[in-house]
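S.K.: Here it is, the structure in full.
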């Protein structure tokens, strides 16, 4: 009986070694978020990139993220017709959130990683970090604030 208990203990330990910690599922990070403000800093200039005529949501699952941004006129006004979408896998370690952009409306952005620091306070998610793609000349610091979508 003593050997059976030891074997069961060893089997359980071995089985758990290959599993990733399930911390992402338990975090309040997973959910649907709506963008409420956004700024970008390039060189010495900081400006708002938030447009109240558009709506953007970010959906975060335990393993993937996706974002969708479109105009609120449903494309009826050709001067303001706008649509952007992207997504991919991510990692989250402590407060460091790294997006691996696998799908994007502008294919030149695909297959790049973007590292952010995230903070959740109440129902607000703040994401800040650097977007850098050398071949496109993109090098900026972004700060985005989202509020949790409750439905």
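Residue numbers (the working numbering): 76 to 226.
All C-beta atoms in this analysis are idealised placements derived from N, C-alpha and C, irrespective of residue type, glycine included.
Remember, predicted model here, so these are calculated numbers, not experimental data.
By Cβ distance below 6 Å, which residues in the same chain neighbour residue 177 in space, the five residues on each side in sequence not counted?
M.R.: What you label residue 177 is simply residue 102 of the chain shown in a count that begins at 1. Excluding sequence neighbours, residue 177 sits near 163.
S.K.: Grouping DSSP H, G and I as helix and E and B as strand, with all else coil, what is residue 151?
M.R.: The sequence position of residue 151 within the chain shown is 76, counting from 1. Three-state result, residue 151: coil.
S.K.: Pick out whichever of 199, 112, 136 and 131 has its Cα sitting closest to the Cα of residue 125.
M.R.: One-based indexing of the chain shown puts residue 125 at position 50. Comparing alpha-carbon positions, the option among 199, 112, 136 and 131 lying closest to residue 125 turns out to be 112.
S.K.: Pick out whichever of 110, 169, 205 and 148 has its Cα sitting closest to the Cα of residue 141.
M.R.: Residue mapping note: residue 141 aligns to position 66 of the chain shown, counting from 1. Here the closest residue by C-alpha is 110.
S.K.: Between the C-alpha atoms of residue 175 and residue 187, what's the straight-line distance to the nearest angstrom?
M.R.: The count along the chain shown starts at 1 and reaches residue 175 at position 100. The count along the chain shown starts at 1 and reaches residue 187 at position 112. Using only the alpha carbons, I get a separation of about 6 Å.
S.K.: By alpha-carbon positions, which one of 122, 202 and 161 ends up nearest to residue 183?
M.R.: If you number the chain shown from 1, residue 183 lands on position 108. Of the listed residues, the one whose Cα sits closest to residue 183 is 161.
S.K.: Taking residue 138 as the reference, which of 207, 169 and 105 has the closest Cα?
M.R.: Here the question's residue 138 lines up with position 63 in the chain shown. The candidate whose alpha carbon is nearest that of residue 138 is 105.
S.K.: Check the C-beta distance from residue 170 over to residue 193 and give it rounded, since I have them as a contact under 8 Å.
M.R.: Counting from one through the chain shown, the residue named residue 170 turns up at place 95. Counting from one through the chain shown, the residue named residue 193 turns up at place 118. Their Cβ separation, rounded to whole angstroms, is 6 Å, which keeps residue 170 and residue 193 in contact under 8 Å.
S.K.: Whose CA, out of 222, 196 and 217, lies closest to the CA of residue 120?
M.R.: For this step, residue 120 is matched to residue 45 along the chain shown. The candidate whose alpha carbon is nearest that of residue 120 is 217.
S.K.: CB residue 108 to CB residue 133, shorter than 8 Å?
M.R.: Translated into the one-based positions of the chain shown, residue 108 becomes position 33. Translated into the one-based positions of the chain shown, residue 133 becomes position 58. Yes.
S.K.: Give every residue of the same chain whose Cβ lies closer than 6 Å to the Cβ of residue 189, excluding the five residues on either side of it in the sequence, and list them in chain order.
M.R.: Here residue 189 refers to the residue found at position 114 when the chain shown is read from its first residue. So the list reads 174 and 206, once near-sequence residues are dropped.
S.K.: With a threshold of 16 other CB atoms inside 10 Å of the CB of residue 158, please say whether the residue is buried or exposed.
M.R.: As a first step, residue 158 is located in the chain shown; it is residue number 83 there, counting from the start. With fewer than 16 Cβ atoms within 10 Å of its Cβ, residue 158 is classed as exposed.
S.K.: Flag this pair as yes or no: are the beta carbons of residue 215 and residue 198 separated by less than 8 Å?
M.R.: Taking the first residue of the chain shown as 1, we reach residue 215 at position 140. Taking the first residue of the chain shown as 1, we reach residue 198 at position 123. Not a contact, by the Cβ cut-off of 8 Å.
S.K.: Determine, using beta carbons only, whether residue 143 and residue 172 come nearer to each other than 8 Å.
M.R.: Within the chain shown, numbered from 1, the residue matching residue 143 stands at position 68. Within the chain shown, numbered from 1, the residue matching residue 172 stands at position 97. Not a contact, by the Cβ cut-off of 8 Å.
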